[in-house]
Amino acid sequence: MSDRFLNKKGQLGETMTWIVATLVILVLLALSLYAADFLAKAKSNPSSFFSLDYSKTDDILMDNSLFAYFNTKDSGIKSKIYEDLKKISEQDFLEDYDFDSKFEKLNLIFGER
Amino acid sequence: MIKKINKKGAEKILSVYWFAILVITAGAVIAMVGIFYNSPYDVREIEANLMINKVSDCLSENGRLNEKLFSEGKFNENFNLLDNCGLIFDVEKDLYDQQGNYYVEINFYALDSEEPVLEITHGNFAFKADCEVADEEKNYKRLVKCSERNFYSLDYADKVYNLKILSIIRKTEKNVR
């Protein structure tokens, strides 16, 4: 009688282990699915951390403008261009663009002419 | 003998259980990959900036305006942007509809003037209105993406111009879901 009772307790314990294990697996899978959905939504949002970054160290438009600046003779126009370029270089997408160092490099080249 | 049969039954049930777990896990992994890769990257803003780079590179080199922009000492009103800059706007037009996917507008301003001395446009002009809405309300993901930049360049007589380029990309079907 007592043997049979002990056996039942053992069987119940083992079943509980399997049920808990199954639940853990299902919860982990559900969390992974949720994470995949979250990442998928985040990558299509341009302002999110996961989206493609296009900050750059080089910029064709800024380079063109700097060449125009150094080829201009009128000092009034030069200062106007410089102020505008300085303002543009402070924008987010040009945060890696080192305006001052580019300016100095070109200043050395054009100054020697 | 009874014990042996019992063990075999338990093993069969366990095998079915493991198979079910395997199928569920595999299904979840496939679903995860599907969800992640079915959602496209929105590269329209980058593409709009690439178009600006391409156009600026074509119109001005080393701070000097392209000679083809001038004819007999004046701005050439018939300057063909697409031909001269190697741009093709008809790409993928048949795939979706006839409204096209691009619009580009370049305004040449003399430094002492508010009015452009030359305006070059190509593509679907209707996108420009969408662009203003899209700027005000960032939630309109299905509208066009716009990018506007300006740069300076000199003409043959060393006169400075401020060139403003507006670049618009639609391509909603490929970039938004």
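Which chain is which? The protein sequence lines are Y and V, in order. Mind the numbering: the first sequence is residues 603 to 715 in this note's numbering, read in order. Mind the numbering: the second sequence is residues 17 to 193 in this note's numbering, read in order. We put the CB at the ideal spot given by N, CA and C, even for glycine.
Beta-bridge partners of R80/V (DSSP): E77/V, L170/V.
Distance from the CA of E27/V to the CA of F35/V, rounded to the nearest whole angstrom, comes to 12 Å. Under a criterion of Cβ atoms nearer than 7 Å, the residues of chain V adjacent to I662/Y are, in order, N69, S72, D73.
T674/Y has a beta carbon lying within less than 8 Å of a beta carbon in chain V. Separation of W620/Y and I29/V (C-alpha to C-alpha, rounded to the nearest whole angstrom) is 12 Å.
In this chain, F669/Y is not harboured by any beta strand (DSSP E); it is covered by the alpha helix (DSSP H) spanning 662-673.
The beta carbon of S667/Y falls within 8 Å of a beta carbon belonging to chain V, placing the residue at that interface. If you compare the alpha carbons of D694/Y, F669/Y, I627/Y, K680/Y with that of I711/Y, the shortest gap goes to F669/Y.
A Cβ of chain Y is located within less than 8 Å of the beta carbon of D174/V. Below the 8 Å Cβ cutoff, chain V contributes I37, I40, T41 as neighbours of I627/Y, in chain order.
A residue is called buried when at least 16 other Cβ atoms come within 10 angstroms of its Cβ; G139/V meets this threshold and is buried. Assignment of beta-bridge partners to S634/Y by DSSP yields no partner.
Taking a Cβ-Cβ threshold of 8 Å, none of the residues of chain Y is close to N96/V; the smallest such distance is about 21 Å. The continuous alpha helix (DSSP H) containing L98/V extends over residues 97-101.
Between S681/Y and chain V, the shortest Cβ-Cβ separation is not below 8 Å.
For Y671/Y, a Cβ of chain V is located within less than 8 Å of the residue's own Cβ. When 8 Å is used as the limit between beta carbons, K643/Y is near these residues of chain V: S55, in chain order. Residues of the same chain with a CB within less than 6 Å of the CB of I136/V, apart from the 5 flanking positions on each side, are L97, I122 in chain order. If you draw a straight line from the Cα of L663/Y to the Cα of N166/V, it comes to about 7 Å. About 7 Å separates the beta carbon of L182/V from that of V120/V, a gap short enough to meet the 8 Å contact definition.
Between K688/Y and the set Y671/Y, K675/Y, S677/Y, the nearest pair of CA atoms involves Y671/Y. Pairwise C-beta distances place the stretch 673-684 of chain Y out of contact with the stretch 696-703 of chain Y, as fewer than three of them are shorter than 8 Å. Scanning its chain for C-beta atoms nearer than 7 Å, with the 5 sequence neighbours on each side dropped, one finds around V192/V the residues D58, K157, R158, in chain order. Looking only at K161/V, S72/V, R60/V, the smallest Cα-Cα distance to G102/V is reached by S72/V. A residue is called buried once 16 or more other Cβ atoms fall within 10 Å of its Cβ, and I184/V is buried on that count. By the beta-carbon neighbour count (other beta carbons within 10 angstroms, threshold 16), M48/V is buried. Between L127/V and I679/Y, the C-beta spacing is below 8 Å. CA-CA distance, S31/V to I627/Y, rounds to 17 Å.
Rounded to the nearest whole angstrom, the CA to CA distance from N78/V to S667/Y is 8 Å.
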